[in-house]
Every structure is written in structure tokens, then in C-alpha cells.
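Participant:
Numbering (the working numbering), first residue to last: 165 to 383.
(1) If you measure between the beta carbons of residue 330 and residue 323, is that distance less than 9 Å?
(2) Would you decide whether residue 165 is buried or exposed? Buried here means 16 or more other CB atoms lie within 10 Å of its CB.
(3) Run through DSSP, which three-state label would residue 180 get?
(4) What distance in whole Å lies between the Cβ atoms of residue 247 and residue 326, which are believed to be in contact at a cut-off of 8 Å?
(5) May I have a chain-ordered list of the alpha helix (DSSP H) segments no shorter than 4 residues that lie completely inside the region 311 to 380?
(6) As a quick exercise: from 181, 382, 372, 174, pick the residue whose alpha carbon is nearest that of residue 284.
(7) Alpha helix (DSSP H) containing residue 272: first to last residue?
(8) For the candidate residues 301, 350, 359, whose alpha-carbon lies nearest to that of residue 338?
(9) Going by beta carbon distance, what residues of the same chain come within less than 6 Å of residue 253, once the five residues before and after it are set aside?
(10) Considering just the uninterrupted stretch of the alpha helix (DSSP H) at residue 300, what are its terminal residues?
(11) Does the count of Cβ pairs from the region 220 to 238 and the region 167 to 185 closer than 8 Å reach three?
(12) In chain order, what residues of the same chain lie with their CB nearer than 6 Å to the CB of residue 266, ignoring the 5 residues before and after it?
(13) Would you say residue 186 and residue 192 are within 9 Å of each other, going by their C-beta atoms?
(14) Could you please give me the residues that DSSP links to residue 243 through a beta bridge?
(15) I need the straight-line Cα distance from residue 303 to residue 209, nearest angstrom please.
(16) Under a three-way DSSP split, which group does residue 174 fall into?
(17) Around the Cβ of residue 218, are there at least 16 other Cβ atoms within 10 angstroms (buried) or fewer (exposed)?
(18) Helix, strand or coil, according to DSSP, for residue 203 in the structure here?
(19) Identify which residue in 275, 379, 336 has its Cα closest to the Cα of residue 355.
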């Protein structure tokens, strides 16, 4: 069984379609990070395990979900729960890690449809990816919110960021550790109706994410 950590804050409208498309052998762990729209209840009704995390922040939600996953040496996936990713594409990443072809597999988003990836968000992502590549030598083009890694190896990195800087800190730590990092093209759809991105949903959200990630780069 491969656990899939889904950090959530007010993603209830996206969960029915998302959770019913989980591929066989993949188990959803919905991490409720302060939702006010009934996200946890929807997830439970659909059979997902729910972890409640009062500490705000993307990194806090991901870490809590990873701790709840198992087994210790198994592959764990992380994916946004807003409907922009197709969970049926998770094996593209997880299988690379499972067979030892990569230590970390990350998504490279390929937009499908108009409005899937606003220009301001795409530009901020590109700037950060270039900075990561220069610092680590990793051939990355995306700080993507979909990845697969072995749970024990991830926890051993001892990542500390609990906000939007978490994905960036992961790439920097993976580079320092000499990990083999492989990007995989995945479809990136417009998010589900009734949900709103905390990052790309507004220029302010993107600026906050860039701020958090820039703070990680400045360490």
C-alpha cells in the first residue's frame, strides 16, 4: 500500500472526484489544516484517513501526514488536493522510487486548459527553480506540489520549514544529500470549482509563497 498525503484547507468541493480516482493500492491521508468548509467530514465519508493539524502552514500539514503514513521504509506520495492533479498519474512518480531509479520523484507541471497555471505563479516558480538548480546542480524546472519519496529517507532529512518554503527546502536538502532527483511530466488542470489556491489564486498569495521560499534560500 502506498500512502498519499493530501494537505487540505477548504478543499471539500474537490475531494469527491479526487478520492474516487485514487489508483488501486494507494491510500489517501487527508490532512485537515484549519478547514472551515467540512473538508474533514467529506474525507471521512469517502473512506480517507483524516489527520487534523492545528498549526497553520503547508509544511506543517505535509509533515503530519508523512508521520501518519507507513510503513517506515515505504514510498509515500504528496499531492495537492485541489483537483489540479490526477491521482491516476501518481504511479509515474512512485514507481521510480520503488524500483530504485530515483530517490525523489517530483512533478513537472504541464498545464491542461486555460487558466490552469496563472502567469504570475508560473513566473515565480521558474525563478525559484533556476535558483535551486544553480545552488544544487539538480536539473529541476518546477517546485511542484506532487512528489514521491521513501518515508524514512524523507524524515531523516529533518526538514524544518512549516510554511510554503517546505518544497524548496526538500529540494535543497536532497541536493546536499546527493539524492537522485527525477522530474516527471504530469498534467496540471484548473483547480476544482469552489476551491481557491492559497498560492496561485492571487498575486498576494504567490508573493507570500515566494517570500517563504526566498527565506529558505537565504539560510
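In this text, a Cβ means the ideal position worked out from N, Cα and C, and glycines have one as well.
Facilitator: Let me lay it out:
(1) Yes, Cβ-Cβ distance for residue 330 and residue 323 is below 9 Å.
(2) If you draw a 10 Å sphere on the C-beta of residue 165, you find fewer than 16 other C-beta atoms in it, and that means exposed.
(3) Reduced to three states, the DSSP call for residue 180 is helix.
(4) That belief does not hold up - the Cβ atoms of residue 326 and residue 247 are roughly 24 Å apart, past 8 Å.
(5) Taking 4 residues as the minimum length, the alpha helix (DSSP H) runs contained wholly in the region 311 to 380 are 315 to 320, 330 to 340, in order along the chain.
(6) Residue 372 is the option with its Cα nearest to residue 284.
(7) Unbroken run through residue 272 is the beta strand (DSSP E), 268 to 275; no alpha helix (DSSP H).
(8) Checked all of 301, 350, 359; the closest Cα to residue 338 is 301.
(9) 350, listed in sequence order.
(10) In the DSSP assignment, residue 300 falls within the unbroken alpha helix (DSSP H) covering 283 to 300.
(11) Segments in contact, yes.
(12) For residue 266, same chain residues with a beta-carbon under 6 Å away, outside a window of 5 residues either side, are 260, 344, 346 in chain order.
(13) Yes. Within cutoff.
(14) 310.
(15) Each residue's Cα considered, the two are about 41 Å apart.
(16) DSSP places residue 174 in coil when its eight states are reduced to three.
(17) That one is exposed.
(18) In the structure shown, residue 203 adopts helical secondary structure according to DSSP, grouped into three states.
(19) Nearest C-alpha to residue 355: 275.
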